[in-house]
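Here's the structure we're looking at; comments come further down.
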Amino acid sequence: MNFDILKDFNTLNLKAIGKCYSIRFVHAVLPFDKFTISANQTKCEMVIYMNTPERLKTSAQAQTSLANALIQWLDKIARKTYPAIIKDYAKKYQFNNPPHFRTTIATTKWGSYKSDGTISISLWLLFYSREALNHVIVHELCHTRCMDHGAGFKAMLNHMSPETPAIKAELATPLPPELAWIVC
Ligand SMILES: [Zn+2]
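The sequence shown begins at 6 in the numbering used here and counts up by one.
Given below as structure tokens:
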């Protein structure tokens, strides 16, 4: 795909939190290939400051550096958003709130639960619907009671958050192609 970051990367649609950020690149005096990301949460505007925005057209290093900066930014949003959802569902379905939480950058394994009480959720779920994110979270919470995917687990999950065909299809859909350069 002939993807021009400066021109074609102009929005970041975080469906799970209902915010679609517009993106602007602005020149600033910064070390080469260093980025500062400033986002206005209310206006949903993101400004990416860099020394020579033009370098994004040709330099793989500049692209990787920006991708890493964006992943860090997304990670912050995920770490602010997900634990509150986990807490709400834990309360609603009377699960013990898992003591540990972490984000991942996995693109196919959306969530996992370890018996030490760690719930892990992919930050890329920010780009999917809130229903899909909630479903993954409830799935992992169910693992706090049952580690396998047997009949008991399925009945519990189905009662709390049925895996509708729409959710199943969405979670099987790859991330939008305009994010490919950030993901890899
Ligand atoms: Zn599972």
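Quick reminder that beta carbons are idealized off the backbone N, C-alpha and C, glycines included.
Asked, Found
"Spatial distance of Ala74 from Lys12 (CA atoms)", "19 Å"
"Exposure of Ser43, with buried meaning 16 or more beta-carbon neighbours within 10 Å", "exposed"
"CB contact flag (Ala137, Glu175, <8 Å)", "yes"
"Where Val141 falls: helix, strand or coil (DSSP)", "helix"
"Other residues of its chain near Gly157: CB distance less than 6 Å, five sequence neighbours each side excluded", "Cys151"
"Validate contact between the segment 100–108 and the segment 121–134 using beta carbons, cut 8 Å, 3 pairs", "yes"
"Any non-hydrogen atom of ligand 1 within 7 Å of His144 CB", "yes"
"Cβ-Cβ separation, Ile22 to Leu131 (assumed contact under 8 Å), whole Å", "7 Å"
"Ile142 beta carbon less than 8 Å from that of Tyr94", "yes"
"The segment 114–124 touching the segment 47–63, judged by at least three CB pairs closer than 8 Å", "no"
"Collapsed DSSP secondary structure at Ala174 in the structure displayed", "helix"
"Simplified DSSP state of Thr108, which is helix, strand or coil", "strand"
"Test item: CB-CB of Pro58 and Phe100 under 8 Å", "no"
"Coil, strand or helix - Leu19 by DSSP", "strand"
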